[in-house]
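Asker: Please read through the structure below; I'll follow up with questions.
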Amino acid sequence: MVSTILLGMMDKPFHIFEDYIKGNTKELEVINKNAPIFHNLEQVLDNYSPDIYLLLMSATKFDHAKQSEIEEEILDTFYKIKSNPRYGNVRLAIQTNSKVSASFLKKLAMLSIWDIFTIEGHAKRINLAKILRQLTHSPNIQNVNQYLENDAVSALAIPNEKQPVKKRQKVVNKPKVAPPPVKSMPRPKKAVGTKIKNILIPSLLLVVLLVGFFSIKSLRFMQSKKNTLPQYSTLISKGEYAKAAKYYPSKAVDAENKMLDDQDVEDKGEVASKIATFNNSDLLHFDNDYFQKNYQDAVEVYKGSDDKGFKDMADSRRIMVAYALMKSGDTKQALEIAKPLDNSELTKRIKIYDQFYKANKILKVKIKNNELNKSELKKAQIELKKNQDAMDRL
781 MVSTILLGMM DKPFHIFEDY IKGNTKELEV INKNAPIFHN LEQVLDNYSP DIYLLLMSAT
841 KFDHAKQSEI EEEILDTFYK IKSNPRYGNV RLAIQTNSKV SASFLKKLAM LSIWDIFTIE
901 GHAKRINLAK ILRQLTHSPN IQNVNQYLEN DAVSALAIPN EKQPVKKRQK VVNKPKVAPP
961 PVKSMPRPKK AVGTKIKNIL IPSLLLVVLL VGFFSIKSLR FMQSKKNTLP QYSTLISKGE
1021 YAKAAKYYPS KAVDAENKML DDQDVEDKGE VASKIATFNN SDLLHFDNDY FQKNYQDAVE
1081 VYKGSDDKGF KDMADSRRIM VAYALMKSGD TKQALEIAKP LDNSELTKRI KIYDQFYKAN
1141 KILKVKIKNN ELNKSELKKA QIELKKNQDA MDRL
């Protein structure tokens, strides 16, 4: 079934997202009109009735300029949409910017926004592949598990985190409080007092949300009893590396390392792509870019990362880093990275690549500076292509 998606962003990113979605899936149909202004979102939803709305925070016009006020504006609007039955079928998704607060992410999750995408890695990139992969599947609360744990209930009940827990408990347990009509529900961002008239969220809504939250917790508990979580070592021994990363996201890098060393895994790129969705490590982003042959992006992740995993690399990843550096033209550093491997074949390949690369660099300079006559130019272009073909085969 095809779902329509409305992109909340400016024209330039809209065309980038539109082209990527159209080129990589038939399950989503991009509405040919973007929504760059957030203020009139409800009107836009009425006009286009999309199945999915995706907000790009960094490329949308808001009423406010400060990050905290923008977050409040988003929460307020999403709260209104979620409270309005007219928009009950609209799936809200958000690509956040690099400045978002942890409390904002928690409140989004507690509003049942289950498609929250964050800026990833030191390269500060938007992972379009992850967005597409998630939005072509049904909404799943597991996508936001990391924001719903520990103090998620208190984060919802009292957005002002400076309020004491004691006051919060009094509000929840207050008997016989008649809730106001839905249309008069206040926004979930005001201060909380000790008296009923100062309650941030009406008692009924708070109770419903708390019941829903604990129902989810209870469901998880029952499911965990029914289906015992498989042991990490068992999954690894079976070669189920992606599943190991899913159940144990903190061990995703270790699962990836073991997968790279497993000669029986034929499509390492596919497995790496799945593992990368469960952990935000630069190592995993590097591997994913590498297997997708995005060598320049992989090198940017490597050079911009302070992950200690790049300093003490396993041989399999050291080969990958050296190869990516070679493919991006940094043959000098590629040789330095490859040196501890004592791999004569890899070293030879890098040196050959370096010869072709430097030859093409010289030819390109001569062509740019108009140093060649017509006959020499034709020969140079043929030589460039031959060299490039040879480099592609290495």
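Mind the numbering: the sequence shown is residues 781 to 1174 in the numbering used here, read in order. Idealized CB from N, CA, C, for every residue including glycine.
Which runs of the alpha helix (DSSP H) spanning at least 4 residues fall entirely within the segment 792-868, listed in chain order?
Answerer: Listed in chain order, the complete alpha helix (DSSP H) runs (minimum 4 residues) inside the segment 792-868 are 821-828, 847-863.
Asker: Which same chain residues end up closer than 6 angstroms to Tyr927 when comparing Cβ atoms and leaving out the 5 residues on each side of it in sequence?
Answerer: If we look at Tyr927 and ignore the five residues flanking it on each side, its Cβ neighbours are Leu885, Lys886, Ala889.
Asker: Tell me Ser783's beta-bridge partners as DSSP assigns them.
Answerer: Paired residues: Leu808.
Asker: Tell me, please, which residues DSSP counts as bridged to Asp895.
Answerer: Ala873, per the DSSP bridge assignment.
Asker: So, at 8 angstroms on beta carbons, what are the nonlocal neighbours of Tyr1027 in its own chain, with the 5 sequence-adjacent residues on each side left out?
Answerer: Closer than 8 angstroms at the Cβ level, and outside the excluded window around Tyr1027, lie Leu1009, Pro1010, Tyr1012, Leu1015.
Asker: Name the two residues that bound the continuous alpha helix (DSSP H) containing Val1079.
Answerer: From DSSP, the alpha helix (DSSP H) with Val1079 extends over 1075-1084.
Asker: Roughly how many angstroms separate the alpha carbons of Val951 and Ser1053, rounded to a whole number?
Answerer: With a pLDDT of 41 at Val951, under the threshold of 50, the modelled position of this residue cannot be trusted; read the value that follows with caution. Each residue's Cα considered, the two are about 46 angstroms apart.
Asker: Buried or exposed for Val1145, please, with buried defined as at least 16 other CB atoms from any protein chain shown within 10 angstroms of its CB.
Answerer: Under this definition Val1145 is an exposed residue.
Asker: Assuming the contact rule is C-beta atoms closer than 8 angstroms, His1065 and Glu851 should be a hit. Round their C-beta distance to whole Å, please.
Answerer: The pair is not a contact, with the Cβ atoms about 26 angstroms apart (cut-off 8 angstroms).
Asker: Do Gly788 and Leu855 have their C-beta atoms closer together than 8 angstroms?
Answerer: No; because the gap between Cβ atoms is not below 8 angstroms, this pair is not in contact.
Asker: Counting beta carbon pairs with one atom in the segment 798-806 and one in the segment 837-850, are three or more of them shorter than 8 angstroms?
Answerer: Counting Cβ pairs under 8 angstroms, fewer than three are found: no touch.
Asker: Around the Cβ of Lys1107, are there at least 16 other Cβ atoms within 10 angstroms (buried) or fewer (exposed)?
Answerer: Buried.
Asker: Please classify Gly1084 as buried or exposed, where buried requires at least 16 neighbouring CB atoms within 10 angstroms.
Answerer: Its Cβ having fewer than 16 others within 10 Å, Gly1084 is exposed.
Asker: Measure the C-alpha to C-alpha separation of Lys792 and Ile811 and round it to an integer number of angstroms.
Answerer: Spanning the two alpha carbons is a distance of roughly 15 angstroms.
Asker: Measuring straight from C-alpha to C-alpha, what distance separates Leu1157 and Asn1140?
Answerer: Using only the alpha carbons, I get a separation of about 13 angstroms.
Asker: Among Gln823, Lys1138, Ser1061, Leu1126, which has the Cα closest to the Cα of Arg905?
Answerer: Comparing Cα positions, the closest option is Ser1061.
Asker: What is the C-beta distance between Leu1143 and Ala1160, in whole angstroms, given that I count them as a contact (C-beta under 8 angstroms)?
Answerer: With 8 angstroms as the limit, Leu1143 and Ala1160 qualify as a contact, their Cβ atoms being about 5 angstroms apart.
Asker: Can you tell me whether Val782 is buried or exposed? The criterion is at least 16 other CB atoms within 10 Å of its CB, across all chains shown.
Answerer: Exposed: under 16 other Cβ atoms inside 10 Å.
Asker: Which term fits Pro1120, buried or exposed, when burial requires 16 or more other beta carbons within 10 angstroms of its beta carbon?
Answerer: Exposed.
Asker: List the whole-angstrom C-beta distance separating Tyr1198 from Met1171, where the pair is believed to meet the contact cut-off of C-beta under 8 angstroms.
Answerer: Residue numbering for the chain in the displayed model covers 781 to 1174; residue 1198 lies beyond these limits and cannot be assessed.
Asker: What are the partner residues of Glu900, as DSSP defines its beta bridges?
Answerer: Partner(s): Arg905.
Asker: Taking C-beta to C-beta, are Ile874 and Phe897 nearer than 8 angstroms?
Answerer: Going by C-beta atoms, Ile874 is nearer than 8 angstroms to Phe897.
Asker: Run through DSSP, which three-state label would Gly1049 get?
Answerer: It is helical.
Asker: Are the CB atoms of Gly1019 and Asp1047 within a distance shorter than 8 angstroms?
Answerer: Cβ atoms of Asp1047 and Gly1019: not closer than 8 angstroms.
Asker: Return the Cβ separation of Glu809 and Ile861 in integer angstroms, given the expectation that the two are a contact with Cβ distance under 8 angstroms.
Answerer: At roughly 21 angstroms, the Cβ-Cβ gap does not stay under 8 angstroms, so Glu809 and Ile861 are not in contact.
Asker: What number of angstroms, rounded off, separates the C-alpha of Lys1154 from the C-alpha of Glu1163?
Answerer: Using only the alpha carbons, I get a separation of about 14 angstroms.
Asker: Return helix, strand or coil for Gly1109, following the three-state DSSP convention.
Answerer: DSSP places Gly1109 in coil when its eight states are reduced to three.
Asker: Excluding the five sequence neighbours on either side, which residues of its own chain have a C-beta within less than 8 angstroms of the C-beta of Leu1126, listed in chain order?
Answerer: Result list for Leu1126: Ile1099, Ala1102, Tyr1103, Ala1118, in chain order.
Asker: Determine whether the beta carbon atoms of Tyr1021 and Ile1055 lie at a separation below 8 angstroms.
Answerer: Yes, Cβ-Cβ distance for Tyr1021 and Ile1055 is below 8 angstroms.
Asker: Alpha carbon to alpha carbon, how far is Leu834 from Glu849? Give it in angstroms, no decimals.
Answerer: Roughly 20 angstroms separates the two Cα atoms.
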